[in-house]
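Novice:
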Amino acid sequence: MRSTDLGFRVGIGIFAAALLLIVVAIGLSLANDSSQSLQRFGLNFWRTSDWNPVAGEFGALPFIWGTLYSSALALLIATPVSLGIAVFISELCPAFLRTPLIFLTELLAAIPSIVYGLWGIFVLVPAVRVVEASMPDGVRELPFFSGPPFGVGMLAAALILAVMVVPFTSAVAREVLKTVPMTQREAAYALGATRFEAIRAAMFFARTGIIGAVMLGFGRALGETMAVTMVIGNNPQVSLSLFAPQYTMAAVLANEFTEAANALYLSALIEIGLVLFIITLAVNALSRGLIWSMAQS
Amino acid sequence: MAIPRPVRDSGSGIRDPLPPPEGPWKIEVEHLSFFYGDKRALEDISIKMQPNLVTAFIGPSGCGKSTFLRTLNRMNDIIPGARVDGRVCIDGKDIYGTNVDVVSMRRTVGMVFQKSNPFPKSIFENVAYGIRINKMTSSRSELAGRVEESLKQAALWDEVKDRLHESALAMSGGQQQRLCIARALAVKPDILLMDEPASALDPIATQRIEELIYQLKADYTIVIVTHNMQQAARVSDYTAFFLLGRLVEYERTDKMFTAPSEKLTEDYLTGRFG
Amino acid sequence: MMLRKIVSALFVGACAISVVLALVPLAFVLFFVVSQGVQSLNVDFFLHNPRPVGEVGGGMANAIVGTLMLTGLAGGMAVPIGILSGVYLSEYRGSRFASAVRFAADTMNGVPSIVVGVFAYAAVVLPLGHFSTLAGGFALGVMMIPIITRTTEELLLLVPNALREGALALGATRARAVFTVIVPAALPGIITGVVLALARVAGETAPLLFTSFNNAFFSTSLTQPISSITVQVFTYAISPYEDWHRQAWAGALVLVTIVLMCSMAARLAAARVMRVRGQ
Numbered sequence: 001m002r003s004t005d006l007g008f009r010v011g012i013g014i015f016a017a018a019l020l021l022i023v024v025a026i027g028l029s030l031a032n033d034s035s036q037s038l039q040r041f042g043l044n045f046w047r048t049s050d051w052n053p054v055a056g057e058f059g060a061l062p063f064i065w066g067t068l069y070s071s072a073l074a075l076l077i078a079t080p081v082s083l084g085i086a087v088f089i090s091e092l093c094p095a096f097l098r099t100p101l102i103f104l105t106e107l108l109a110a111i112p113s114i115v116y117g118l119w120g121i122f123v124l125v126p127a128v129r130v131v132e133a134s135m136p137d138g139v140r141e142l143p144f145f146s147g148p149p150f151g152v153g154m155l156a157a158a159l160i161l162a163v164m165v166v167p168f169t170s171a172v173a174r175e176v177l178k179t180v181p182m183t184q185r186e187a188a189y190a191l192g193a194t195r196f197e198a199i200r201a202a203m204f205f206a207r208t209g210i211i212g213a214v215m216l217g218f219g220r221a222l223g224e225t226m227a228v229t230m231v232i233g234n235n236p237q238v239s240l241s242l243f244a245p246q247y248t249m250a251a252v253l254a255n256e257f258t259e260a261a262n263a264l265y266l267s268a269l270i271e272i273g274l275v276l277f278i279i280t281l282a283v284n285a286l287s288r289g290l291i292w293s294m295a296q297s
Numbered sequence: 001m002a003i004p005r006p007v008r009d010s011g012s013g014i015r016d017p018l019p020p021p022e023g024p025w026k027i028e029v030e031h032l033s034f035f036y037g038d039k040r041a042l043e044d045i046s047i048k049m050q051p052n053l054v055t056a057f058i059g060p061s062g063c064g065k066s067t068f069l070r071t072l073n074r075m076n077d078i079i080p081g082a083r084v085d086g087r088v089c090i091d092g093k094d095i096y097g098t099n100v101d102v103v104s105m106r107r108t109v110g111m112v113f114q115k116s117n118p119f120p121k122s123i124f125e126n127v128a129y130g131i132r133i134n135k136m137t138s139s140r141s142e143l144a145g146r147v148e149e150s151l152k153q154a155a156l157w158d159e160v161k162d163r164l165h166e167s168a169l170a171m172s173g174g175q176q177q178r179l180c181i182a183r184a185l186a187v188k189p190d191i192l193l194m195d196e197p198a199s200a201l202d203p204i205a206t207q208r209i210e211e212l213i214y215q216l217k218a219d220y221t222i223v224i225v226t227h228n229m230q231q232a233a234r235v236s237d238y239t240a241f242f243l244l245g246r247l248v249e250y251e252r253t254d255k256m257f258t259a260p261s262e263k264l265t266e267d268y269l270t271g272r273f274g
Numbered sequence: 001m002m003l004r005k006i007v008s009a010l011f012v013g014a015c016a017i018s019v020v021l022a023l024v025p026l027a028f029v030l031f032f033v034v035s036q037g038v039q040s041l042n043v044d045f046f047l048h049n050p051r052p053v054g055e056v057g058g059g060m061a062n063a064i065v066g067t068l069m070l071t072g073l074a075g076g077m078a079v080p081i082g083i084l085s086g087v088y089l090s091e092y093r094g095s096r097f098a099s100a101v102r103f104a105a106d107t108m109n110g111v112p113s114i115v116v117g118v119f120a121y122a123a124v125v126l127p128l129g130h131f132s133t134l135a136g137g138f139a140l141g142v143m144m145i146p147i148i149t150r151t152t153e154e155l156l157l158l159v160p161n162a163l164r165e166g167a168l169a170l171g172a173t174r175a176r177a178v179f180t181v182i183v184p185a186a187l188p189g190i191i192t193g194v195v196l197a198l199a200r201v202a203g204e205t206a207p208l209l210f211t212s213f214n215n216a217f218f219s220t221s222l223t224q225p226i227s228s229i230t231v232q233v234f235t236y237a238i239s240p241y242e243d244w245h246r247q248a249w250a251g252a253l254v255l256v257t258i259v260l261m262c263s264m265a266a267r268l269a270a271a272r273v274m275r276v277r278g279q
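Chains as they are written, first to last, in the working numbering: chain U, 1 to 297; chain V, 1 to 274; chain R, 1 to 279.
#1: In chain order, what residues of the segment 81-106 of chain V put their CB closer than 8 Å to some CB of chain R?
#2: On the three-pair Cβ rule with 8 Å, is the segment 257-275 of chain R touching the segment 199-209 of chain R?
#3: Within 10 angstroms of the Cβ of U:D50, are there 16 or more other Cβ atoms? Answer buried if so, exposed if not.
#4: Restricting to runs no shorter than 4 residues, where is the alpha helix (DSSP H) found entirely within the segment 101-187 of chain U?
#5: Comparing the CB of R:L163 with every heavy atom of the ligand ADP, is any distance shorter than 6 Å?
#6: Indicate whether the contact test is met: 3 or more Cβ pairs, each with one atom in the segment 139-147 of chain V and one in the segment 79-91 of chain V, closer than 8 Å.
#7: Which residue spans inside the segment 112-161 of chain V form an unbroken alpha helix (DSSP H) run of at least 4?
#8: Less than 8 Å between C-beta atoms, sequence neighbours within five positions excluded: which residues of the same chain meet that for U:A201?
#9: Just to confirm the assignment: which complete beta strand (DSSP E) runs, minimum length 3, are found wholly within the segment 19-64 of chain V?
#10: Could you tell me the boundaries of the beta strand (DSSP E) in which R:F218 lies?
#11: At a CB-CB cut-off below 8 Å, which residues of chain B make contact with U:Q184?
#12: One question on the structure: do V:F68 and V:D195 come within less than 7 Å of each other, judged by their Cβ atoms?
#13: Name, please, each residue of chain V whose Cβ falls closer than 8 Å to the Cβ of R:M264.
#14: At 4 residues or longer, and completely inside the segment 119-196 of chain R: list those alpha helix (DSSP H) runs for me, N to C.
#15: Per DSSP, U:N52 forms a beta bridge with which residues?
#16: Can you find a CB in chain U that lies within less than 7 Å of the CB of V:V223?
#17: According to a CB-to-CB cut-off of less than 7 Å, which residues of the segment 156-182 of chain U neighbour chain R?
#18: Please identify the residue among R:I229, R:L253 and R:C15 whose C-alpha is closest to the C-alpha of U:V93.
#19: Looking at C-alpha atoms only, which residue of R:V24, R:V87, R:S221 and R:L47 is the closest neighbour of R:H130?
#20: Answer yes or no: does any C-beta atom of chain R fall closer than 7 Å to that of U:F145?
#21: Roughly how many whole angstroms lie between the Cα atoms of R:M2 and R:S8?
#22: Could you name the residues of chain V that U:F205 contacts, counting a contact when the two beta carbons are closer than 8 Å?
#23: Mind checking the segment 237-261 of chain V against chain U and listing, in chain order, the residues whose C-beta falls within less than 9 Å of any C-beta there?
#24: Over the uninterrupted beta strand (DSSP E) stretch that includes V:A82, give me the two end residues.
#25: Cβ atoms of U:A109 and U:P167: under 7 Å apart, would you say?
#26: Name the two residues that bound the continuous beta strand (DSSP E) containing V:R284.
#27: Can you check which of these residues, R:Y88, R:A22, R:D44 and R:R174, is closest to R:S157 by C-alpha distance?
#28: Please state if the CB of U:A74 and the CB of U:V10 are separated by a distance shorter than 7 Å.
#29: Between which two residues does the beta strand (DSSP E) containing V:V223 stretch?
#30: Taking C-beta pairs closer than 9 Å, name the residues in chain V that R:M1 reaches, listed in chain order.
#31: With DSSP as the reference, label V:T270 as helix, strand or coil.
#32: Once the 5 residues before and after U:A206 are set aside, which same chain residues still bring their CB inside 6 Å of it?
#33: Give me, in chain order, the residues of the same chain whose beta-carbon lies closer than 6 Å to that of R:L208; leave out the 5 immediate sequence neighbours on both sides.
#34: Considering Cα atoms alone, identify which of R:P50, R:L30, R:N214 and R:E154 is closest to R:A105.
#35: Do we get a CB-CB distance below 7 Å when we pair U:A95 with the residues of chain R?
#36: Check the Cβ-Cβ distances between U:N284 and every residue of chain R, and say whether any is below 7 Å.
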């Protein structure tokens, strides 16, 4: 009996080990295949902003800029909306609406990225172009709004990322709010709190988990590829302007991977992939850690 | 002034003499019925309570005593499907009437819960919470003074005065419960509702809470739900016995525990069921 | 006091508005996909291959077959690994190895799909020397494994311990107890999880861009590049041809329909299981 149980454990343990193997393999293969670029360029790779591989220039700063900027903007838009939805579904909405609303927000998450991208190109970008073109000249002076109204650019990317992030953050925030004991809200109500004040007390209790949920959304936005590359303009420049077409790490991989004509070019792209991997790993680990620590207390 | 100690054993003992049972009533409940959806949880309850006395609600599990307590500050409003018939008058005004501001009413009727529920903040912030949201003070020193006063009233000040800014969650269960009492007192209610405040506490902490109740009675009207009959006998002036959502008997404590009028009450008190 | 009440009412209003704000893009996207896609959805779309560049007409038959093959490959790879590792995680919860595997699964879930594509490129395309269906299936499989692992683990944990103890008490080995009692008890949920994971990877584009790449012709070869609905939609969308844009919408409609059908099926299955269990 003991040996068959052991055999069982080892047998399925091998399959479980496959996951460990794959994760390690991903890390190793990325590191290995980017070694040429790592050795050749070192840290300067990430400090220069001229990306012209055909002419031998490999400055990857625009990509990390674009990734972080677009994700941060998306977070700015998506976080209040996600928390609003989470609060509405878990604290405010009538019981019969709960399931349909949850289903609808899950649907948002299920729509493939390419479909968002398609809609982005043909519906969102023209709309953004109209908005950009109708900006008053005074606003145009600001660095955030400078440049011709292409439509494609940081603003469109941030908007579409926000739409894609909302279902994730709100789902996790909702779960987190469910774990707040009812007596926290009751204590607030008993002291004469309004609805808002009592919910605020519950959200304070859940603050670690909520931050974790927001970080999860951030991680999601960092890695998003298709929808972003179809609306961001794919121009490797560092710009504060929402109107400017820019580039992200995921987008450049999608567009240029098959075009890489030589080993150095490919290695540089894989280095970008490596850094993207590390950043999303860190953000996701942090977010899970926060959510887990909330579940413990 | 020497404060008479509450008696530990039921029956004979020193108590302040009770005023005659007449108005004006602090709390007057008329024909109250309470429903969760279709299910009736409380049936036709009428009771009159005088100010500055302690009333205990006793009865077996599920008899409705906690539910009734929670109708006194409209805490059941937050449960979906809850419905109330009848009147609950505090100082003569029906709190279920139209045009009643529930939020400000709740400030005047304080509540302490069965399991202490301090906010995950510092001791100071917990007590200050109600003062802040109700904007009851206008300066930091006034706020600090109020917090100190409330903690003293809850007999907690000496233990925490040097660590006001430490987390409330680091205190013992008994201290947390006294903190919750201080928090409730900070908003200066007239009435204090206590739902089994000592059931999660050890005997020594329980004794301190009971002493506290005795001291607070001078300034507040207290209603306490307890499953512990001896506790009811120790701390309360009047006792109400509930069974299956109905009020079976409401009487002066000393009379109820020695010569109850209803057979059901007698059966419960002598342990025939419960 | 009045101010506090107003603030509270505004807050409630803001929460309601955020719900609307999130549902508006959903409605918008679905509306456009359906209205634009339906126009181009015809028999040709399903039966014909793409016409040469610039010519009008043709369809996505090869892409549909491609997506089916890629998803099938991915499932074939991911389902055994995912379910068995899920079994391990639930049976040997506390062990350090299980914690490491769980961490690996969560990490894999967080890896951007494009990075998975890069990995699959290094693992399959480079050794083979060219793009292939195998590489695409591998990439999608890598994405599916952690999803199925975690879902299986969670579902198995929901199975009451009493069932396991009952089987063991009757003399079953651990393996037998797991495979003949526990897994069958959780099977409806596991199947739902697998279906949802399949639908999810069927909609992926990034990992296929440089693994299965694309193929203008009909192909079912495992070692040649193959078309897929997602990559085809991408290619058409960024092209300058009106006709290709139309077909892109049609492809998007097919994708969204698959996703919607799988989601609904999953929900209905879950609801039925709840009813049968008497919950």
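Beta carbons: idealized from backbone N, C-alpha and C, even for Gly. In this text, all values refer to a predicted model and were calculated from it rather than measured experimentally.
Specialist: Reading from the atomic positions:
#1: Per Cβ criterion, the list reads D101, V103 and S104.
#2: They touch, by the three-pair rule.
#3: Answer is exposed; the Cβ neighbour count stays below 16.
#4: For the segment 101-187 of chain U, whole alpha helix (DSSP H) runs of length 4 or above, ordered along the chain, are 113-119, 125-133, 137-140 and 154-178.
#5: As presented, the structure is devoid of all ligands, the ligand ADP included, so that no description of it is given.
#6: Verdict: no, contact absent.
#7: As summarised for the segment 112-161 of chain V, the continuous alpha helix (DSSP H) elements at least 4 residues long and confined to that stretch are 123-133, 140-153 and 157-160, given in chain order.
#8: Hits under 8 Å: Q184, R185, A187, A188 and A193.
#9: Counting only runs of 3 or more, we get 27-36, 39-49 and 54-58.
#10: Run containing R:F218: none; DSSP gives neither H nor E here.
#11: As a matter of chain content, chain B is missing from the structure shown, whose protein chains are U, V and R.
#12: No, they are not a contact pair.
#13: Among the residues of chain V, none has a CB under 8 Å from the CB of R:M264; the nearest is roughly 28 Å distant.
#14: Counting whole runs of 4 or more residues, the segment 119-196 of chain R contains the alpha helix (DSSP H) stretches 133-158, 161-169 and 174-177.
#15: U:E57, per the DSSP bridge assignment.
#16: Closer than 7 Å to the CB of V:V223 there is not a single CB belonging to chain U.
#17: Answer in chain order: V163 and V166.
#18: What sits at residue 93 of chain U in the sequence shown is Cys, not Val. Cα-wise, what sits closest to U:C93 is R:C15.
#19: Looking at the Cα atoms, R:S221 is the closest of the given residues.
#20: Judged by the 7 Å Cβ criterion, U:F145 is not in contact with chain R.
#21: Per the coordinates, the alpha-carbon of R:M2 lies some 10 Å from the alpha-carbon of R:S8.
#22: Correct list: F119 and P120.
#23: The residues in question: there are none.
#24: In this chain, the beta strand (DSSP E) harbouring V:A82 covers A82 to I90.
#25: Contact annotation: U:P167 and U:A109 have beta-carbon atoms nearer than 7 Å.
#26: The requested residue 284 of chain V is not part of the displayed model; chain V covers only 1 to 274.
#27: The amino acid at residue 157 of chain R is misidentified as Ser; the sequence shows Leu. Closest option to R:L157, Cα to Cα, is R:Y88.
#28: U:V10 is not a Cβ neighbour of U:A74, given a cutoff of 7 Å.
#29: T221 to V225 is the extent of the beta strand (DSSP E) around V:V223.
#30: By Cβ distance, chain V contributes D101, V103, S104, N134 and K135.
#31: V:T270 falls in the coil class under three-state DSSP.
#32: Only V176, L177 and V180 meet the Cβ criterion.
#33: G136, S228 and V231.
#34: Of the listed residues, the one whose Cα sits closest to R:A105 is R:E154.
#35: So no, U:A95 is outside the interface.
#36: Cβ-Cβ to chain R under 7 Å: yes for U:N284.
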